[in-house]
Amino acid sequence: LISQFLLDRTSTTNTDNMAKKRRTESKPKVEVEPEVEVEPEVEAEPEVEEVRENETNKQPDGSGDADDAEDEIMNEAISSEEDGDNDNDAPQLTPLPVIKSSITSDGRYHNKQRMLLLSSRGITARYRHLLEDLRTLIPHSKKESKLDVGKNYSGSGAGGGYGAAVNEIAEVRGCHTVLFLECRKRGQDGYLWLGRTSHANSSFNADGDGENVAGKKHLMITGGPSIKFHITNIHTMDELKMTGNCMKGSRPVLSFDKAFDTVDHLKMVKHLFVDVFGTPRGHPKSKPFVDRVMGFYYADGKIWVRNYQILQETATTAKEAHSQKKLTGHAHATSLIEIGPRFVLNPIRIFRGSFGGQTLYVNEEFVNPNVVRSMEKKDKGDKYVRRKGEERKRKAREENIVLPEDPLADVFN
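For the sequence shown, the residue numbers in the working numbering are 560 to 972.
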């Protein structure tokens, strides 16, 4: 029995082994990759410290040779550009400086200033084109037709003539400042009026208790101040044909001469120029750009007005950028190009009120154009008198020249 049991046991174990072999042969064989030993990384800090020590030995001051490095980079870029391989080696140009505004705006239109722009009847084409140029440059201006009133015209208040009519028009149009061009002698003489109208100084009436009553405005007759100029040397945009150009409605940068801060009467002139030519911030017709400069310069007792475009040019090549950076310190260049119009203002008189009132300043050096023309005619008359006098003297001299009789004239007769 025992031997039979052992034989059965060995036969079962053999069958089990055969089945296991069959199973292992039917399964796919998976190759196991040998493990790769990873070497530990070598620390590079000592080498970096040695390099830093060498750099410190080369630069004991600690200031660095950044400028020399930049020059070397620019020189390499220029040489590569000359060889024709400047596409990949061109240096990066310095960006334009960002000018941050010192005034924070809430996006609303607060300084609601309007300027009345008009002229008298009888102006020439040159004056008409000048007003059209000023109207395009001043977006807060209100255009009005030519004014034709007599000297005997009296408005709602005291005074008369052009002053009363302009103040009434400014009140109707809601204008605070005025630019009025008056022509005389059939367009030979031009006078420019600048000032604040009576509408700008209007206030509310007060009742008996001293409280302001809404809706009741008191028109102050004085207004002012106002300045009368003699305008000469006018050149319009079409006449100049300058290469400069600016965006229509852009806000200008008003540049004043140093004399506008030292001379007393020029200080008041400066404030009026700011009110008239300065575009209010956030005006609906203005553009949020500053691309032109309006300059006012005082020389020979006169104010010279010029209008320029602010042109910023960026270098197109590395060589130009390098030369420009050596000259100005930036890779871009800023220049001014005249646009026009240009004219000269000679101040005559400053009034306390609007188109009249107490005189605050009188220009003693101003000579009326009528006096100049009369002197020129007088010089021509003196020249005629001198010529006629010379003719009379010559005729008298010829009459006085008489040859004496010769006693030997009848000897051979």
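Where is the CB? At the ideal position from N, CA and C, for every residue including glycine.
Model, not experiment: these values are computed from the prediction.
Let's see if you can read the secondary structure: which residues bound the beta strand (DSSP E) around residue i?
{"i": "residue 755", "result": "748-755"}
{"i": "residue 673", "result": "Careful: residue 673 lies outside any beta strand (DSSP E) and carries neither H nor E."}
{"i": "residue 704", "result": "Run containing residue 704: none; DSSP gives neither H nor E here."}
Check the DSSP bridge columns for residue i and list the partner residues they point to.
{"i": "residue 856", "result": "863"}
{"i": "residue 906", "result": "788"}
{"i": "residue 814", "result": "854"}
{"i": "residue 868", "result": "851, 896"}
{"i": "residue 739", "result": "677, 752"}
{"i": "residue 918", "result": "910"}
{"i": "residue 809", "result": "846"}
{"i": "residue 873", "result": "891"}
{"i": "residue 901", "result": "794"}
Would residue i be called buried (16 or more neighbouring beta carbons within 10 Å of its own) or exposed?
{"i": "residue 861", "result": "buried"}
{"i": "residue 786", "result": "buried"}
{"i": "residue 828", "result": "buried"}
{"i": "residue 753", "result": "buried"}
{"i": "residue 725", "result": "buried"}
{"i": "residue 936", "result": "exposed"}
{"i": "residue 894", "result": "exposed"}
{"i": "residue 915", "result": "buried"}
{"i": "residue 669", "result": "exposed"}
{"i": "residue 884", "result": "buried"}
{"i": "residue 934", "result": "exposed"}
{"i": "residue 890", "result": "buried"}
{"i": "residue 859", "result": "exposed"}
{"i": "residue 692", "result": "buried"}
{"i": "residue 696", "result": "buried"}
{"i": "residue 960", "result": "exposed"}
Just to confirm the assignment, what range does the alpha helix (DSSP H) spanning residue i have?
{"i": "residue 885", "result": "877-887"}
{"i": "residue 728", "result": "721-732"}
{"i": "residue 948", "result": "928-959"}
{"i": "residue 962", "result": "Run containing residue 962: none; DSSP gives neither H nor E here."}
{"i": "residue 796", "result": "796-799"}
{"i": "residue 695", "result": "684-696"}
{"i": "residue 835", "result": "823-836"}
Please work out which residues of its chain come closer than 8 Å, Cβ to Cβ, to residue i, disregarding the five sequence neighbours upstream and downstream, and give them in chain order.
{"i": "residue 679", "result": "705, 706, 707, 721, 739, 740, 741, 742"}
{"i": "residue 667", "result": "841"}
{"i": "residue 833", "result": "813"}
{"i": "residue 687", "result": "678"}
{"i": "residue 870", "result": "803, 893, 894, 895, 896"}
{"i": "residue 919", "result": "784, 824, 827, 909, 910, 911"}
{"i": "residue 819", "result": "825, 826, 828, 829, 855, 857"}
{"i": "residue 768", "result": "Note that residue 768 has pLDDT 43, beneath the 50 cutoff, so the model's placement of it is unreliable and the number below is only indicative. For residue 768, where only same-chain residues beyond five positions count, there are no Cβ hits under 8 Å."}
What residues in its chain sit with their C-beta under 7 Å from that of residue i, if we drop five residues either side in the sequence?
{"i": "residue 803", "result": "867, 868, 896, 897, 898"}
{"i": "residue 835", "result": "674, 736, 738, 753"}
{"i": "residue 815", "result": "829, 855"}
{"i": "residue 782", "result": "726, 755, 756, 757, 759, 760, 912, 913"}
{"i": "residue 808", "result": "698, 844, 845, 846"}
{"i": "residue 865", "result": "854, 897, 901"}
{"i": "residue 849", "result": "809, 810, 812"}
{"i": "residue 749", "result": "686, 740, 742, 790"}
Just to confirm my understanding: we take residue i, look at its own chain, exclude 5 residues before and 5 after, and list those with CB closer than 6 Å. What are they?
{"i": "residue 922", "result": "906, 907"}
{"i": "residue 799", "result": "899"}
{"i": "residue 730", "result": "758"}
{"i": "residue 681", "result": "742"}
{"i": "residue 700", "result": "674, 676, 694"}
{"i": "residue 924", "result": "860"}
Does at least one heavy atom of the ligand MG sit under 7 Å from the Cβ of residue i?
{"i": "residue 875", "result": "What this structure holds is no ligand at all, so the ligand MG is not there to describe."}
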